[in-house]
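Asker: Read in order, the letters of the sequence shown correspond to residues -21 to -1, 1 to 314 in mature numbering (1 follows the signal peptide of the UniProt record, and there is no 0). One structure, as structure tokens, below. Some questions next.
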Amino acid sequence: MTKQIFFSPLIVLLLVTAAAAAPPQSFVGDWALQMDNGDAGWLTIDQRGDDWSAELWTVGQPKAVNDIAYTDGKLVFKRQCRIGDAEYPGGPPTGPRVPCDFVAIVDGNKIKITMTAAAGDANRTANHRGKRLPPLPSRPDLSQVTFGLPMELFNGVDLTGWTLSNPAQKNGWKAINGELVNESPKETFEPFSRYGNLRTLRTFGDGKLTLQFNVPAKGNSGVYVRGAYEAQVTDRDSRMQGIQGVGAIFGRIKPTKNAGKPGGQWQQYEITIVDRHATVVLNGETVIDNQPIRGNTNGAFQADVLNPGPLYLQGDHTAVRYRNIIFQPVTENES
């Protein structure tokens, strides 16, 4: 005889609610986000007792997250943000800063964050989604890593194999005399511009990138390996120094010294990314030696650092020139 067991609707509701409510510790960690507007984001959340802390990286400087609380299986927090429409493609949100309420829900290794803010007589909402990033792996033994044959990513003649990361922006890039030249008239370091960044159509995993760059005095650009990690491009005497200066993995790793050259001179990068660790050689000097990179840098094309990504060159800052762009993929890693 088959026995049938019936649960009252109240019991079923309680069981579903209990299963859906994520415990506090499930929010702790580093998260790769795809923002509602298409930008890449990186969110880190920490809990110490009843105290929570968090920081959000998107475009520009890291952003503080305030008034964090865990309630009913959700993490809620606040930020001051602008929510008006951008004045041009790739531009920043407009309007005054207003209180924005965020509600985060975790389902295993996935996170959904809903933002709600007052916009006149109505509320504006945005949904950001992401995935949990695993802990950093141990430092790789680069002597046990094999790199493949060099691939020339720029043919020196035209922009074949390259495209704007945001096709709606202005294209200041040209191929001139074997150089990849950005002629943006912008002279400031502000993170937004009408001019676009340039990326390869191909995507790449771990490997070694070598290239030469020439940035004017007080100029600024950046080289994003895997579309995620920016090696800063400035001149030696830039106001941006240290963790924001030439030789840095921008905002993440400070170079051991400033090995840059004055503006207007050709400089050379060799950037190796293996197992989320960076080695940077600037003008023949190792300034970062196999150091871990916790997450993507601000302004990244993508936040999921486990996925292959394009090589991506900043054109939304000032004029800059590149040449001899060569990539060698990792073909074997026995470290």
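Ideal placement from N, C-alpha and C gives every residue a C-beta, glycine not left out.
Quick one: give me the first and last residue of the beta strand (DSSP E) that Ser32 is part of.
Answerer: Here the question's residue 32 lines up with position 53 in the sequence shown. That run of the beta strand (DSSP E) goes 30 to 36.
Asker: With burial defined as no fewer than 16 other Cβ atoms inside 10 Å of the residue's Cβ, what is the status of Glu209: buried or exposed?
Answerer: Translated into positions along the sequence shown, residue 209 becomes position 230. Glu209 is buried by the Cβ-count criterion.
Asker: Mind listing, in chain order, the continuous beta strand (DSSP E) runs of no fewer than 3 residues lying wholly within the segment 195 to 279?
Answerer: Qualifying beta strand (DSSP E) stretches, in chain order: 199 to 204, 208 to 213, 245 to 253, 256 to 261, 264 to 271.
Asker: Please report the distance separating the alpha-carbon of Val284 from that of Arg205.
Answerer: Sequence index remark: in the sequence shown, residue 284 carries index 305 (1-based). Sequence index remark: in the sequence shown, residue 205 carries index 226 (1-based). Going from the Cα of Val284 to the Cα of Arg205 covers about 8 Å.
Asker: Look up Ala48 in the DSSP assignment and give the residues it is bridged to.
Answerer: Start at 1 with the first residue of the sequence shown, and residue 48 comes out as number 69. Note: Ala48 sits in a beta bridge opposite Val55.
Asker: Classify Pro170 as helix, strand or coil using the three-state DSSP reduction.
Answerer: Residue mapping note: residue 170 aligns to position 191 of the sequence shown, counting from 1. In the structure shown, Pro170 sits in coil (DSSP, three-state: anything other than H, G, I, E or B).
Asker: What does a CB cutoff of less than 6 Å around Gly69 pick up in its chain, not counting 5 residues either side in sequence?
Answerer: In the sequence shown, residue 69 corresponds to position 90, counting from 1. Same-chain partners within the cutoff: Asn145, Gln148.
Asker: Looking at C-alpha atoms only, which residue of Pro75, Gln307, Ala1 is the closest neighbour of Leu188?
Answerer: Position 209 of the sequence shown holds residue 188. The residue with the shortest Cα to Cα distance from Leu188 is Gln307.
Asker: Alpha carbon to alpha carbon, how far is Gly239 from Asn262? Give it in angstroms, no decimals.
Answerer: Here residue 262 refers to the residue found at position 283 of the sequence shown. Here residue 239 refers to the residue found at position 260 of the sequence shown. Answer to the nearest angstrom: the Cα atoms are 7 Å apart.
Asker: Let me know the secondary structure DSSP gives Leu290 once reduced to three states.
Answerer: Working through the sequence shown from its first residue, we reach residue 290 at position 311. Looking at Leu290 - three-state DSSP - the assignment turns out to be coil, as it is neither helix nor strand.
Asker: Is it a yes or a no for the segment 253 to 272 touching the segment 84 to 95, going by three-plus beta-carbon pairs under 8 Å?
Answerer: Because the criterion of three Cβ pairs below 8 Å is not met, the segment 253 to 272 and the segment 84 to 95 do not touch.
Asker: Just to confirm the assignment, what range does the beta strand (DSSP E) spanning Gly127 have?
Answerer: Here residue 127 is taken as the residue at index 148 of the sequence shown, counted from 1. Where Gly127 is concerned, there is no enclosing beta strand (DSSP E), given that its DSSP letter is neither H nor E.
Asker: Rounded to a whole number of angstroms, what is the C-alpha to C-alpha distance between Lys57 and Ala33?
Answerer: Mapped onto the sequence shown, residue 57 falls at position 78. Mapped onto the sequence shown, residue 33 falls at position 54. Their backbone Cα atoms lie some 11 Å apart in a straight line.
Asker: Does the Cβ-Cβ distance between Phe168 and Tyr248 come in under 8 Å?
Answerer: One-based indexing of the sequence shown puts residue 168 at position 189. One-based indexing of the sequence shown puts residue 248 at position 269. Going by C-beta atoms, Phe168 is not nearer than 8 Å to Tyr248.
Asker: If you count every other CB in all the chains shown that lies within 10 Å of the CB of Met14, and 16 or more means buried, which is it?
Answerer: Start at 1 with the first residue of the sequence shown, and residue 14 comes out as number 35. Buried, since its Cβ has 16 or more Cβ neighbours within 10 Å.
Asker: Along the chain, where does the beta strand (DSSP E) containing Ile90 start, and where does it finish?
Answerer: To locate residue 90, count along the sequence shown from 1; it is residue 111. Taken as a continuous stretch (DSSP letters only), the beta strand (DSSP E) holding Ile90 covers 89 to 98.
Asker: Based on the DSSP secondary-structure assignment, which residues constitute the bridge partners of residue 335?
Answerer: Here the chain covers residues -21 to 314 and nothing more, so residue 335 does not appear.
Asker: Mind reading off the beta-carbon distance from Thr179 to Pro289? Whole number of angstroms is fine, and I expect it under 8 Å.
Answerer: Locating residue 179 in the sequence shown gives position 200, where the first residue counts as 1. Locating residue 289 in the sequence shown gives position 310, where the first residue counts as 1. Right, the Cβ-Cβ distance comes to about 4 Å (below 8 Å), so this counts as a contact.
Asker: Take Asn16 as the anchor and find which of Lys153, Thr93, Phe126 has the nearest alpha-carbon.
Answerer: Taking the first residue of the sequence shown as 1, we reach residue 16 at position 37. Per the Cα distances, Thr93.
Asker: By Cβ distance, which residues of its chain are closer than 8 Å to Arg61, with the 5 residues on each side in sequence left out?
Answerer: Along the sequence shown, one-based indexing puts residue 61 at 82. So the list reads Pro71, Pro72, Thr73, Gly74, Pro75, Arg76, Val77, once near-sequence residues are dropped.
Asker: If you count every other CB in all the chains shown that lies within 10 Å of the CB of Arg218, and 16 or more means buried, which is it?
Answerer: Residue numbering aside, residue 218 sits at position 239 when the sequence shown is read from its first letter. Result: exposed.
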